[in-house]
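Colleague: In the numbering used here, the protein residues as written are -9 to 559. Even for Gly, the Cβ is constructed at its ideal location relative to N, Cα and C. I am attaching a structure below and will ask some questions about it afterwards.
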């Protein structure tokens, strides 16, 4: 599942009881044999070579810079955004070997902001001067690089954020820089199967899969892993978080920045965390928005189990909200009743897919988004209501696959799989996966098995596995950093933010209490935005930890029968 990872204390205690250590995980056990000593020595030599290669690549990038010009039509970006490329080695241990180009987008700092209020920046109370008033000059502070996560997501769109009121002050002071990480989009794109095959529909999504269904998915996972190896060849092993972090430092140099200012969301926080571990002296300011749990023992198998548990809690939040608005949706006055309505729709779609393409698998994928972002709640609830009234069009509009973006979706999934499978050991025996997910699905059926199927190619991965980076810096080695987290975030559950703060001395955690939206910086919560502005614009942070009240819940929405349900999909 995109954005991997863990829940608050109660959630993790439940999971600790449910899930034993993965039997086939190949986790180091303290073996001191000659073979393991030799392996560690080889690994250290390789790491040293890669660090030297990164320095070589960064020096070359600093000398070459980035030639920004009109963006290719394929990027679908407005004319005021400029695009370019930065060259990085495929293999940092061989900086003179094969080179790949990463695409980069930028809009220059505006240098002016619409002033309002007495102070340009506040410490998180929301009164941060956004809005109308006189235009005031703002000093440029350099480039701000953004990564939206994934793995497999592109940040090329990020400069467009400058047109949003929430980003106005930041856009005045910084060049907004987005990029597509290696493998994504036009950055040495990775593919594992034919895009048309990837978006085939309708599909099933049983919460209690039969043995025959499990065998089918095992065969598909094996074929997918083989497809990745066949299409990428020897390059496959180089799509990793370590290389993403090295690429980020080369991008920093290419932008002419002595030190990096970076905002990472979701998986982007893990790239940032690895970067701080490798290059702490290269960091100026860094924001971790919705943090992945960086504990090496969590990357990535356990993180995905914890994520599935957390999505069950978030799914309950959605059902509770729908029940509270039963006068609008008529899906049930309790979360349990709403679940029965959902199951009724699922069963009907299994018998007769809506529009011929929306089956239980497409339903599940569409409603998973309600676990990420609560602004999906009104449209998703309305689509269920309309379907049960006999109007399937809103559900088809929101859940049907879009063949026109099949290539983009397949590419994203390929990069996600390659990075996660390459980054760490995974259980290689099906019995471990079956045991752990069967136990978990008893208490968290909503997305447990779908998450397992998405990650199962890692059990059969043909490329070498790395040991995860032990993220962390020494006291005083890193400038203060900012961590943002929503307390009920399911995609990157809250314990990940707490773990990251423990590993980065001097970091500060700002929590949106009682909320679960994934990615909260520059969003609906003005208190959170105040802390973000104060840090990026003035380097100012609260002491250790701070909290914000939750943003307002969405308002219910009713669709007239016959509506297509246009809106977020």
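#1: Compare the Cα-Cα distances from residue 345 to each of 416, 358, 385, 314 and report the closest residue.
#2: Is residue 104 helix, strand or coil by DSSP?
#3: Less than 8 Å between the beta carbons of residue 278 and residue 473, yes or no?
#4: What does residue 560 pair with, by DSSP beta-bridge criteria?
#5: Taking all protein chains shown into account, decide if residue 154 is buried (16 or more other Cβ within 10 angstroms of its Cβ) or exposed.
#6: Going by other Cβ atoms of all chains shown within 10 Å of its Cβ, with 16 needed for buried, is residue 302 buried or exposed?
#7: Below 8 Å on the Cβ atoms is my contact criterion, and I expect residue 453 with residue 219 to pass it. Report the Cβ-Cβ distance as a whole number of Å.
#8: In whole angstroms, what separates the C-alpha of residue 560 from that of residue 367?
#9: Looking at the unbroken alpha helix (DSSP H) that takes in residue 339, where does it start and where does it end?
#10: Where does residue 69 sit, in a helix, a strand or coil, going by DSSP?
#11: Can you tell me whether residue 348 is buried or exposed? The criterion is at least 16 other CB atoms within 10 Å of its CB, across all chains shown.
#12: Relative to the alpha-carbon of residue 275, which residue among 529, 381, 477, 66 has its alpha-carbon at the smallest distance?
#13: Return the first residue and the last residue of the alpha helix (DSSP H) that residue 306 is part of.
#14: Would residue 282 pass as a contact of residue 486 if the rule is Cβ separation under 8 Å?
#15: I need the boundaries of the beta strand (DSSP E) containing residue 96, first residue and last residue.
#16: Please work out which residues of its chain come closer than 6 Å, Cβ to Cβ, to residue 245, disregarding the five sequence neighbours upstream and downstream, and give them in chain order.
#17: Spell out a yes or no on whether the region 425 to 436 and the region 452 to 467 are touching, meaning 3 or more CB-CB pairs, one atom from each, closer than 8 Å.
#18: The alpha helix (DSSP H) spanning residue 385 covers which residue range?
#19: Going by Cα to Cα distance, which pick from 79, 399, 40, 70 is closest to residue 50?
#20: On the criterion of 16 or more Cβ atoms from any shown chain inside 10 Å, does residue 533 qualify as buried, or is it exposed?
#21: Using a Cβ-Cβ cutoff of less than 7 Å, which residues in the same chain neighbour residue 357 once the five nearest sequence positions on both sides are dropped?
#22: Alpha carbon to alpha carbon, how far is residue 300 from residue 438? Give it in angstroms, no decimals.
#23: Straight-line CA distance for residue 227 to residue 451?
#24: Could you tell me the distance, in whole angstroms, from the CA atom of residue 273 to the CA atom of residue 475?
#25: Spatial neighbours of residue 87 within its chain, please: C-beta separation below 8 Å, excluding the five flanking residues on both sides.
#26: With distances taken between CB atoms, is the gap from residue 255 to residue 161 smaller than 8 Å?
#27: Which same chain residues end up closer than 7 Å to residue 540 when comparing Cβ atoms and leaving out the 5 residues on each side of it in sequence?
#28: Out of 527, 85, 488, 544, point me to the one whose CA is closest to residue 157's CA.
#29: Quick one, are the C-beta atoms of residue 332 and residue 374 less than 8 Å apart?
#30: Skipping 5 residues on each side, what residues in its chain have a beta carbon closer than 6 Å to that of residue 514?
#31: CB-CB under 6 Å to residue 382, same chain, minus the five flanking residues each way: which ones, in chain order?
#32: Can you give the Cα-Cα distance for residue 176 and residue 73, rounded to whole angstroms?
#33: Do residue 146 and residue 202 have their CB atoms nearer than 8 Å?
#34: I'd like to confirm the pairing. Which residues does DSSP put opposite residue 137 in its beta bridges?
#35: Could you check if residue 310 is buried or exposed, using at least 16 other CB atoms within 10 Å of its CB as the buried criterion?
#36: For residue 326, count neighbouring Cβ atoms within 10 angstroms of its own Cβ and tell me buried if that reaches 16, exposed if not.
Modeller: On the basis of the data shown:
#1: Ranked by how close their Cα comes to the Cα of residue 345, the residues 416, 358, 385, 314 have 385 in first place.
#2: Here residue 104 sits in strand by DSSP.
#3: Yes. Within cutoff.
#4: Examination of residue 560 is not possible in this model, given that the chain is present from -9 through 559 alone.
#5: Exposed is the call here.
#6: The residue in question, residue 302, is buried, as its Cβ has 16 or more Cβ neighbours within 10 Å.
#7: Rounded, the Cβ-Cβ distance is 7 Å, consistent with contact.
#8: Nothing about residue 560 can be reported from this structure: the residues present for the chain run from -9 to 559 only.
#9: Counting along the chain, the alpha helix (DSSP H) containing residue 339 begins and ends at 325 to 341.
#10: Residue 69 falls in the coil class under three-state DSSP.
#11: By the Cβ neighbour-count rule, residue 348 is buried, with 16 or more other Cβ atoms within 10 Å of its own.
#12: Closest by alpha carbon: 529.
#13: Its alpha helix (DSSP H) spans residues 291 to 314.
#14: In contact: residue 282 and residue 486 (Cβ atoms closer than 8 Å).
#15: Unbroken beta strand (DSSP E) run through residue 96: 89 to 97.
#16: The residues are 133.
#17: Counting Cβ pairs under 8 Å, fewer than three are found: no touch.
#18: Per DSSP, residue 385 belongs to the alpha helix (DSSP H) from 383 to 389.
#19: Considering only 79, 399, 40, 70, the residue with the shortest C-alpha distance to residue 50 is 79.
#20: Using a 10 angstroms sphere on the CB of residue 533, the tally of other CB atoms stays under 16, which defines it as exposed.
#21: 370.
#22: Rounded to whole angstroms, residue 438 and residue 300 show a C-alpha spacing of 10 Å.
#23: Going from the Cα of residue 227 to the Cα of residue 451 covers about 10 Å.
#24: Roughly 21 Å separates the two Cα atoms.
#25: Once the five neighbours on either side are set aside, the close Cβ partners of residue 87 are 79, 80, 81.
#26: Taking the C-beta atoms as reference points, residue 161 is found no nearer than 8 Å to residue 255.
#27: The answer, listed in chain order, is 502, 503, 504, 505.
#28: Residue 527 is the option with its Cα nearest to residue 157.
#29: The answer is yes: Cβ separation under 8 Å.
#30: Answer for residue 514: 541, listed in chain order.
#31: Hits under 6 Å: 344.
#32: Cα-Cα distance, rounded: 12 Å.
#33: No.
#34: DSSP links residue 137 through a beta bridge to 254.
#35: Flag for residue 310 reads exposed.
#36: Classification of residue 326: exposed, given that the 10 Å Cβ count is below 16.
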